[in-house]
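Q:
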Amino acid sequence: MNLHTCMLTENDCYKAGKPLSVRGLMLHSTGAPNTRLSRYVGPDDGLLGMNQYGNHWNQARPDGRQVCAHGFIGKLKGGTIATYQTLPWEMRGWHAGGAANSTHIGVEICEDDLTDAAYFRAVYQEAVELFAYLCKMFDLDPLQDIICHAEGYQQGIASNHGDVLYWFDKQGKTMDDFRRDVRDQMEHSKEDDTMKTYTHTDQMPDWAQDTFYRLIDAGIVKVDDKGEIAVQECSVQPMVYLDRLCGGQIEKLPQAIKALQASE
Ligand SMILES: [Zn+2]
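Heads up, the sequence shown is in my numbering, so the first residue is 1 and it goes up one at a time.
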């Protein structure tokens, strides 16, 4: 996920500043072929690029309408896919045209002409990661609490729009696929959270043990009263490389630095 922030502070919705108690997430797509975030998000922060028509949504009534979403997914000026958060997540948005405004965060994906499979894959993945992040933040169930605008209409809580189904359909995806992908993404990132920690040197790979024996002897890696260390897996390889750079004498680095400072 490539998340940035640009609050639409001039938009009447932002100025109204009504609180939102988040009960779900609603996925939208913009309904117009323009993949540039700068069409909706501004002013230019150096990444978005200029909107030469000045018709972005950071104004009271964009295109003369009372509209505002919590975020947009599309392209930066350089073509990179990004998400921009445009309202505080817990501020009521104007995206659904119905009761869902009082319950749902609304995020818009910038549409292309609906035919580019590579663009679709990229923005779909960005949306999956964003929705997984929001489900975690608000303790939502991805299989129950995520809908698109068209599903909101079917449930009687949003206006009569077809997004995102007409686009997903063309690209061979369903909202059930999306919900499952968000769930999988959440489980995947749960695994990332549980970083492996070594409590004994002999649990480490062979190529790392000698470095850590010496770091323990030198008191750089501490041993607790139970005789255990707490070294995260991700720190092992950098320490071994550093040791090699020091000619296999990393434990002497503190004295070497002291000596250097003394000679200055
Ligand atoms: Zn919509």
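The beta carbon of each residue, even a glycine, is placed where N, CA and C say it ideally should be. Values in this document were obtained by computation on a predicted structure and should not be read as measured data.
#1: Let me have the residue list for ligand 1: C-beta closer than 5 Å to any non-hydrogen atom, ordered along the chain.
#2: By how many angstroms is the C-alpha of Leu245 removed from the C-alpha of Leu253?
#3: Taking just the CA atoms, how far does Phe138 sit from Trp89?
#4: Determine, using beta-carbon pairs with one atom in the stretch 197-211 and one in the stretch 172-179, whether at least three such pairs fall under 8 Å.
#5: Excluding the five sequence neighbours on either side, which residues of its own chain have a C-beta within less than 8 Å of the C-beta of Asn2, listed in chain order?
#6: Should Glu111 and Thr30 be called a contact, given that it needs their Cβ atoms to be closer than 8 Å?
#7: In three-state DSSP terms, what is Gly78?
#8: I need the boundaries of the beta strand (DSSP E) containing Ala32, first residue and last residue.
#9: With DSSP collapsed to three states, give me the class of Val223.
#10: Runs of 3 residues minimum, wholly inside the stretch 39-92: which ones carry the beta strand (DSSP E) assignment?
#11: Buried or exposed: which applies to Met50, given that a residue is buried once 16 or more other Cβ atoms fall within 10 Å of its Cβ?
#12: Do Glu108 and Phe131 have their beta-carbon atoms positioned less than 8 Å apart in this structure?
#13: Kindly provide the ranges of any alpha helix (DSSP H) runs that are 4 or more residues long and lie completely inside the stretch 98-160, ordered along the chain.
#14: Can you tell me whether Ala256 is buried or exposed? The criterion is at least 16 other CB atoms within 10 Å of its CB, across all chains shown.
#15: Output needed for Thr197: all residues of its chain with C-beta closer than 6 Å, excluding positions within five of it in sequence on either side, in chain order.
A: Let me lay it out:
#1: Listed by position along the chain, the residues with Cβ atoms less than 5 Å from a non-hydrogen atom of ligand 1 are His28, His149, His161, Asp163.
#2: Distance between Leu253 and Leu245, taken at the CA atoms: about 11 Å.
#3: Approximately 10 Å, taken between the alpha carbons.
#4: Judged by Cβ distances under 8 Å, the stretch 197-211 makes no contact with the stretch 172-179, as fewer than three pairs qualify.
#5: Cβ contact annotation for Asn2 (same chain, cutoff 8 Å, sequence separation greater than five): Thr80, Ile81, Ala82, Thr83, Glu126, in chain order.
#6: Going by C-beta atoms, Glu111 is nearer than 8 Å to Thr30.
#7: In this structure, DSSP gives Gly78 a state outside helix and strand, which the three-state scheme calls coil.
#8: Per DSSP, Ala32 is one residue of the beta strand (DSSP E) stretching across 24-33.
#9: DSSP places Val223 in coil when its eight states are reduced to three.
#10: DSSP runs (the beta strand (DSSP E)) wholly in the stretch 39-92: 71-75, 81-85.
#11: Its Cβ having fewer than 16 others within 10 Å, Met50 is exposed.
#12: No, the Cβ-Cβ distance between Phe131 and Glu108 is not below 8 Å.
#13: Correct list: 117-137, 142-145, 149-154.
#14: Looking at its Cβ environment, which holds fewer than 16 other Cβ atoms inside 10 Å, Ala256 is exposed.
#15: For Thr197, where only same-chain residues beyond five positions count, the Cβ hits under 6 Å are Ala230, Gln232.
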